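Undergrad: If you're matching them up, the sequences are chains A and B in order. Everything in the first sequence is counted per numbering that gives the first Met the number 0, starting at 0 for the first residue and increasing by one. Everything in the second sequence is counted per numbering that gives the first Met the number 0, starting at 0 for the first residue and increasing by one. We treat Cβ as the ideally placed atom computed from N, Cα and C, and that holds for glycine. All values derive from a computational prediction rather than experimental measurement. Take this structure, written in structure tokens, and hold onto it; I'll ask about it next.
Number of protein chains: 2
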Amino acid sequence: MRSKCYTPEGIAVTPGRIAGLVTEFARFGALPGGGVSRLCASAADGDARNRLTELLRQAGAEIRIDAVGNQFGLFRLKADSTEPAGMMGSHLDSQPRGGRVDGTMGVMAALEVAERLMEAKRKGHRFQRDFCVVNWTNEEGARFRPSLMGSGVFAGHYKEETILAVRDDNGITLADALSDIGYKGIDAAPPMPAFYLELHAEQGARLERSERQIGLVTGNWGAAKFDVAFHGEQAHTGPTPMAERRDALLAASRTVVALRELADTKPHKLHTSVGRLLVSPNSSNVVPDRVDLSAEVRSPDDDILVQAEKALQKVIEEAAAISHTTVSFASRSLRLARPLPGDFVDLLEDCSRAIGIPAMRLDTISGHDALSLIGLCPTALVFVPSVGGIAHNEAEFTRPDDMDAGATLMLEAAFRLCSEADFSLHSEKRGEVA
Amino acid sequence: MRSKCYTPEGIAVTPGRIAGLVTEFARFGALPGGGVSRLCASAADGDARNRLTELLRQAGAEIRIDAVGNQFGLFRLKADSTEPAGMMGSHLDSQPRGGRVDGTMGVMAALEVAERLMEAKRKGHRFQRDFCVVNWTNEEGARFRPSLMGSGVFAGHYKEETILAVRDDNGITLADALSDIGYKGIDAAPPMPAFYLELHAEQGARLERSERQIGLVTGNWGAAKFDVAFHGEQAHTGPTPMAERRDALLAASRTVVALRELADTKPHKLHTSVGRLLVSPNSSNVVPDRVDLSAEVRSPDDDILVQAEKALQKVIEEAAAISHTTVSFASRSLRLARPLPGDFVDLLEDCSRAIGIPAMRLDTISGHDALSLIGLCPTALVFVPSVGGIAHNEAEFTRPDDMDAGATLMLEAAFRLCSEADFSLHSEKRGEVA
């Protein structure tokens with residue numbers, strides 16, 4: 000049974016435009032392999048942000064940049080609205096050799112939805128609230144950790160000062176990096192929105208295998224992440240007796256191997272990884288005196304996650320001890336598995352019926368900015384397929400018509416939610432989020 | 000029984016001067032911890048070379064820079080000599096966070112010996128051959144691998160073109176790096192010398208434990224070194240199923256751990272290390288698709304060494320296979336354990352008796368430029384103590400009077416060897432050196 004479609008006749012997502020914009024933005028930090036390197040607050044990120052500002056202004060938005068560089072484009076859909084606006088967006092930053100789609104598609108889809116809402120307003124549609132497009136700072140957590148920084152500050156999970164003082168591996172603070180590209184803003188962030196929508200590539204192959212264009216995210220895997228440093232003693236690899244060595248790389252390597260073995264204790268229920276590891280002084284005939292690494296465990300089950308976090312800490316401490324090194328924990332973060340609001344998932348499912356594109360429900364293993372807002376406003380996260388499930392790789396690709404399908408769903412949802420004066424869907428209390 | 004001292008009355012090493020020069024040179028690439036970062040062909044290396052050129056010229060030397068940047072200072076001790084000169088030296092390059100003593104002391108000692116020989120000539124002593132001070136390019140093998148590059152090319156173990164084409168981790172060739180600092184020379188290297196002497200800090204604690212100032216090196220440990228790259232597949236650390244990951248860092252870590260275990264199979268007879276490891280793209284939530292590492296095994300016993308080299312290769316290949324990655328071997332080198340010429344060690348021991356400073360015999364586990372010349376000319380390598388056995392560390396220190404003791408021995412040996420017309424000590428045939 001098809002539901003009623005609220006998007007008016009004649010208002011529709013421009014076919015192929017989102018894919019076109021994604022392609023255009025791929026020139027910011029372009030890599031030879033077709034991907035992008037657009038680390039948070041890099042020059043390329045600055046260029047991409049400037050182009051987004053230009054596009055938002057052309058579409059009629061008022062631009063706000065907050066203290067951590069979150070970039071908001073406010074579209075006035077209702078004159079003198081006192082209601083909180085609706086919000087939709089994602090992020091423009093990428094991994095060091097990331098794909099072109101990732102968060103960029105979600106920002107471009109938000110821009111397209113905003114333009115279509117503005118078009119409807121011009122054609123006489125009466126909205127009950129405004130709409131805001133957002134590009135969150137440092138979703139990736141590549142150059143600066145933790146991830147989900149901008150949305151995390153907006154949501155109140157992190158203090159602004161703490162986040163601005165975070166340093167990259169070259170010792171540059173986020174504050175300085177944002178200043179360098181002109182995005183350490185002075186504007187107040189908008190108030191907590193009436194709702195938050197995010198469209199993202201799946202970064203997995205469940206949609207593809209199920210031959211669905213749309214995935215409605217019902218919850219997230221939890222994740223525990225540690226940044227640690229092993230401290231040994233610098234020495235010559237030749238004459239230094241093996242028993243006297245305090246090898247930081249050996250401790251780190253033991254951690255990587257033991258952490259991989261940990262995943263096998265809970266098949267399909269526990270993912271473990273070390274993606275980042277820096278050796279110092281990193282010379283072939285010098286025993287390393289310091290290794291920094293980032294380790295993580297992820298699980299859909301909070302009991303498994305919490306146990307795995309403890310096991311990870313034990314793995315690290317034991318690896319340090321048997322290698323005659325010490326270890327310091329630079330930072331740690333814990334995100335528990337949480338459901339997204341069920342009635343909002345139901346609403347999105349009704350929208351999918353209205354537009355005639357069937358959706359499936361799934362969870363998300365990767366983190367997304369939408370997760371920062373769970374419990375603070377009604378939040379929906381929608382996936383479209385990644386070809387081959389590829390993510391964080393230059394070969395990442397999402398078909399243009401899948402992007403349009405996702406954006407069409409978002410447009411329908413935004414139309415409904417911005418047209419209702421008494422919109423109060425599931426007004427959740429601000430809850431505890433680690 | 001004290002032997003006859005050939006160094007004439009009134010000619011002696013200037014007390015404390017070598018330590019003073021080592022301190023002066025520590026400003027080139029100075030680090031806050033008292034050490035130096037003077038990577039081969041870096042700006043700091045260029046500055047140190049320029050200062051050495053100045054000092055050599057002031058002392059009356061003629062400077063030659065060969066195609067791989069070896070820096071020679073020829074001192075004319077005998078008018079129109081047709082005999083090959085004697086040679087003494089070491090290297091000015093350092094590890095990324097190296098000590099100030101390491102090779103620098105050996106170059107400064109050679110300069111001091113040359114100046115004293117020139118002083119004796121001015122005072123009427125008649126020499127039978129010239130003397131040459133040398134600063135070899137890239138002994139360390141830190142920025143460019145393999146180590147012992149300059150002396151290796153001089154000795155004919157490496158082709159000049161091959162070595163000039165070697166790239167650092169930023170893709171810069173040795174040829175370009177030398178050009179940048181003005182040390183891609185056009186002079187012919189001097190002919191194979193009549194003898195080669197090298198003074199070096201021990202980089203171990205055997206002299207200190209034995210309370211000796213001088214160690215006469217009788218042979219070297221062999222070393223086998225591999226530069227390898229593991230190739231996996233870049234993916235998201237969140238959603239990518241564990242079984243589908245091709246994690247290059249996991250393969251590398253398994254190699255580090257297994258290589259450490261290999262050392263335990265031959266206690267005190269086998270040293271194994273991984274000092275250098277580069278992860279790509281090196282982001283906390285990306286499965287690494289490439290890890291480059293340098294691995295080495297060292298042993299005083301060639302049978303153990305050759306077995307360990309095979310075991311290392313197996314370790315690497317197995318680590319790659321069980322991690323669903325592939326491995327490529329970028330370079331490999333093998334240096335077998337070889338004795339230094341025994342009659343030359345005897346001569347140095349006689350010199351130590353002549354100057355009244357008792358010496359002990361020992362082997363060297365670390366590689367030194369002198370090893371490049373074994374079998375090509377009579378070669379002696381002499382150690383003075385490293386306090387605490389510390390090496391490749393900013394805290395490396397050799398006491399000034401130990402430096403003077405070593406230089407006094409070298410001066411006595413140089414006097415003897417440059418004063419004999421028919422010097423033909425153990426004229427070894429050019430042998431096979433891997």
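Using a Cβ-Cβ cutoff of 7 Å, what residues of the region 252 to 286 of chain A are near chain B? List them in chain order.
TA: Against chain B - using a Cβ distance shorter than 7 Å - the residues of the region 252 to 286 of chain A are S252, R253, V255, V256, R259, A262, H270, S272, V273, G274, R275, L276, V278, P280, N281, S282, S283, N284, V285 and V286.
Undergrad: Under the assumption that A:L304 contacts A:A336 (Cβ atoms under 8 Å), give the Cβ distance between them as a whole number of angstroms.
TA: Sequence index remark: in the first sequence, residue 304 of chain A carries index 305 (1-based). Sequence index remark: in the first sequence, residue 336 of chain A carries index 337 (1-based). With 8 Å as the limit, A:L304 and A:A336 qualify as a contact, their Cβ atoms being about 7 Å apart.
Undergrad: Could you give the distance in angstroms between the alpha-carbon of A:L65 and the alpha-carbon of A:V35?
TA: For this step, residue 65 of chain A is matched to residue 66 along the first sequence. For this step, residue 35 of chain A is matched to residue 36 along the first sequence. Here residue 65 of chain A turns out to be Asp, not Leu, going by the sequence shown. Near 25 Å, if we compare the C-alpha coordinates of A:V35 and A:D65.
Undergrad: DSSP state of A:F382, grouped into three classes?
TA: In the first sequence, residue 382 of chain A corresponds to position 383, counting from 1. Three-state result, A:F382: strand.
Undergrad: Apart from the five residues on each side of it in sequence, which residues of its chain come closer than 7 Å, Cβ to Cβ, to B:E411?
TA: Sequence index remark: in the second sequence, residue 411 of chain B carries index 412 (1-based). For B:E411, where only same-chain residues beyond five positions count, the Cβ hits under 7 Å are C4, Y5, T6, C350, A353 and I354.
Undergrad: What did DSSP end up calling A:V344 once you bin it into helix, strand or coil?
TA: Position 345 of the first sequence holds residue 344 of chain A. Helix at A:V344.
Undergrad: Consult DSSP for B:C131 and reduce its assignment to one of helix, strand or coil.
TA: The sequence position of residue 131 of chain B within the second sequence is 132, counting from 1. In this structure, B:C131 counts as strand in the three-state DSSP scheme.
Undergrad: When you compare the region 152 to 172 of chain A with the region 96 to 105 of chain A, are there three or more beta-carbon pairs, one atom per stretch, that lie closer than 8 Å?
TA: Too few Cβ pairs lie closer than 8 Å, so no.
Undergrad: Using 8 Å as the threshold, is the region 218 to 234 of chain B in touch with the region 200 to 209 of chain B, meaning 3 or more CB pairs across them?
TA: Touching, no.
Undergrad: Going residue by residue through the region 16 to 66 of chain B, where are the continuous alpha helix (DSSP H) segments of at least 4 residues, counting only ones entirely within it?
TA: Listed in chain order, the complete alpha helix (DSSP H) runs (minimum 4 residues) inside the region 16 to 66 of chain B are 16 to 24 and 42 to 57.
Undergrad: Which whole runs of the alpha helix (DSSP H) in the region 87 to 157 of chain B are 4 residues long or more, in chain order?
TA: If we require 4 residues or more, the alpha helix (DSSP H) runs fully inside the region 87 to 157 of chain B come out as 101 to 121 and 148 to 154.
Undergrad: With H, G and I counted as helix, E and B as strand and the rest as coil, what does DSSP make of A:M191?
TA: Reading the first sequence from its first residue, position 192 is the one you call residue 191 of chain A. Three-state DSSP puts A:M191 in coil, outside helix and strand.
Undergrad: Taking 8 Å as the limit between beta carbons, can you name the residues of its chain near B:G37, skipping five residues before and five after?
TA: For the purposes of this step, residue 37 of chain B is taken as the residue at position 38 of the second sequence. According to the sequence shown, residue 37 of chain B is Arg rather than Gly. Around B:R37: F27, G28, A43, D44, A47, L91, D92, S93 and G97.
Undergrad: Is the Cβ of A:A420 closer than 8 Å to any Cβ of chain B?
TA: By 1-based counting over the first sequence, the position of residue 420 of chain A is 421. Answer no: the Cβ-Cβ gap between A:A420 and chain B never drops below 8 Å.
Undergrad: In the structure shown, what three-state DSSP assignment does B:L196 receive?
TA: Reading the second sequence from its first residue, position 197 is the one you call residue 196 of chain B. Residue state, collapsed to three classes: strand.
Undergrad: Who does B:L333 pair with in a DSSP beta bridge?
TA: Along the second sequence, read from residue 1 onward, the residue named residue 333 of chain B stands at position 334. According to DSSP, B:L333 bridges with B:A223.
Undergrad: Considering A:D291, what are the terminal residues of the alpha helix (DSSP H) in which it resides?
TA: Against the first sequence, residue 291 of chain A aligns to sequence position 292. Where A:D291 is concerned, there is no enclosing alpha helix (DSSP H), although the beta strand (DSSP E) it sits in stretches over R289 to S298.
Undergrad: For B:A40, which of B:R144, B:Y195 and B:E207 has the nearest alpha-carbon?
TA: Translated into the one-based positions of the second sequence, residue 40 of chain B becomes position 41. If we check each option's Cα against that of B:A40, B:R144 comes out closest.
Undergrad: Given a cut-off of 8 Å on the beta-carbon distance, is the pair A:A58 and A:A113 in contact?
TA: For the purposes of this step, residue 58 of chain A is taken as residue 59 along the first sequence, with counting starting at 1. For the purposes of this step, residue 113 of chain A is taken as residue 114 along the first sequence, with counting starting at 1. Their beta carbons are under 8 Å apart, which means A:A58 touches A:A113 by this criterion.
Undergrad: Is the shortest distance between the beta-carbon of B:A47 and the beta-carbons of chain A less than 8 Å?
TA: Mapped onto the second sequence, residue 47 of chain B falls at position 48. Chain A contact via Cβ: absent.
Undergrad: List, in order along the chain, the chain E residues whose C-beta lies closer than 8 Å to that of B:A164?
TA: No chain E is present in this structure, whose protein chains are A and B.
Undergrad: Any chance the region 391 to 405 of chain B sits against the region 146 to 157 of chain B, with 3 or more Cβ pairs inside 8 Å?
TA: Touching, no.
Undergrad: Return the residues of the region 297 to 315 of chain B that lie within a Cβ-Cβ distance of less than 7 Å from chain A, sorted by chain order.
TA: Per Cβ criterion, the list reads R297.
Undergrad: Thinking just about the alpha-carbon of each residue, which of B:L206, B:D79, B:V255 and B:A141 is nearest to the one in B:I315?
TA: Start at 1 with the first residue of the second sequence, and residue 315 of chain B comes out as number 316. Ranking B:L206, B:D79, B:V255 and B:A141 by Cα distance to B:I315 puts B:V255 first.
Undergrad: Using only the alpha-carbon positions, how far apart do B:P14 and B:L20 sit?
TA: As a first step, residue 14 of chain B is located in the second sequence; it is residue number 15 there, counting from the start. As a first step, residue 20 of chain B is located in the second sequence; it is residue number 21 there, counting from the start. One C-alpha to the other measures close to 12 Å.
Undergrad: Please list the terminal residues of the continuous beta strand (DSSP E) segment that includes B:R275.
TA: As a first step, residue 275 of chain B is located in the second sequence; it is residue number 276 there, counting from the start. B:R275 -> beta strand (DSSP E) spans H270 to S279.
Undergrad: By alpha-carbon positions, which one of B:A319, B:G237, B:A307 and B:R334 ends up nearest to B:L261?
TA: Along the second sequence, one-based indexing puts residue 261 of chain B at 262. With distances taken between Cα atoms, B:L261 lies closest to B:A307.
Undergrad: Report all residues from its chain with a CB closer than 6 Å to the CB of A:A390; omit the five preceding and five following residues, and keep chain order.
TA: If you number the first sequence from 1, residue 390 of chain A lands on position 391. Contacts found: Q202.
Undergrad: If A:G221 sits next to A:D301, beta carbons under 8 Å apart, how far is it from one beta carbon to the other, in whole angstroms?
TA: Position 222 of the first sequence, counting from 1, holds the residue named residue 221 of chain A. Position 302 of the first sequence, counting from 1, holds the residue named residue 301 of chain A. Rounded, the Cβ-Cβ distance is 6 Å, consistent with contact.
Undergrad: Please classify B:G274: is it buried, with 16 or more other beta-carbons within 10 angstroms of its beta-carbon, or exposed?
TA: Counted from its first residue, the second sequence places residue 274 of chain B at position 275. Per the 10 Å Cβ criterion, buried.
Undergrad: Between the region 276 to 283 of chain B and the region 269 to 285 of chain A, do at least 3 Cβ pairs fall closer than 8 Å?
TA: Yes, the region 276 to 283 of chain B is in contact with the region 269 to 285 of chain A.
Undergrad: If we ignore side chains and look at the alpha-carbon of each, how far apart do B:A174 and B:M86 end up?
TA: Position 175 of the second sequence, counted from the first residue, corresponds to residue 174 of chain B. Position 87 of the second sequence, counted from the first residue, corresponds to residue 86 of chain B. Going by the C-alpha atoms only, they are around 25 Å apart.
Undergrad: Looking at B:D288 and B:Q233, is the spacing between their C-beta atoms short of 8 Å?
TA: Here residue 233 of chain B refers to the residue found at position 234 of the second sequence. Here residue 288 of chain B refers to the residue found at position 289 of the second sequence. Cβ atoms of B:Q233 and B:D288: closer than 8 Å.
Undergrad: From which residue to which residue does the alpha helix (DSSP H) around B:T254 run?
TA: As a first step, residue 254 of chain B is located in the second sequence; it is residue number 255 there, counting from the start. From DSSP, the alpha helix (DSSP H) with B:T254 extends over A247 to A262.
Undergrad: Within 10 Å of its beta-carbon, does A:D368 have 16 or more other beta-carbons around it, so buried, or fewer, so exposed?
TA: Translated into positions along the first sequence, residue 368 of chain A becomes position 369. So A:D368 ends up on the buried side.
Undergrad: So which residues on chain B does A:S89 lean against when the C-beta distance must stay under 9 Å?
TA: What you label residue 89 of chain A is simply residue 90 of the first sequence in a count that begins at 1. Chain B residues near A:S89: none, gap ~15 Å exceeds 9 Å.
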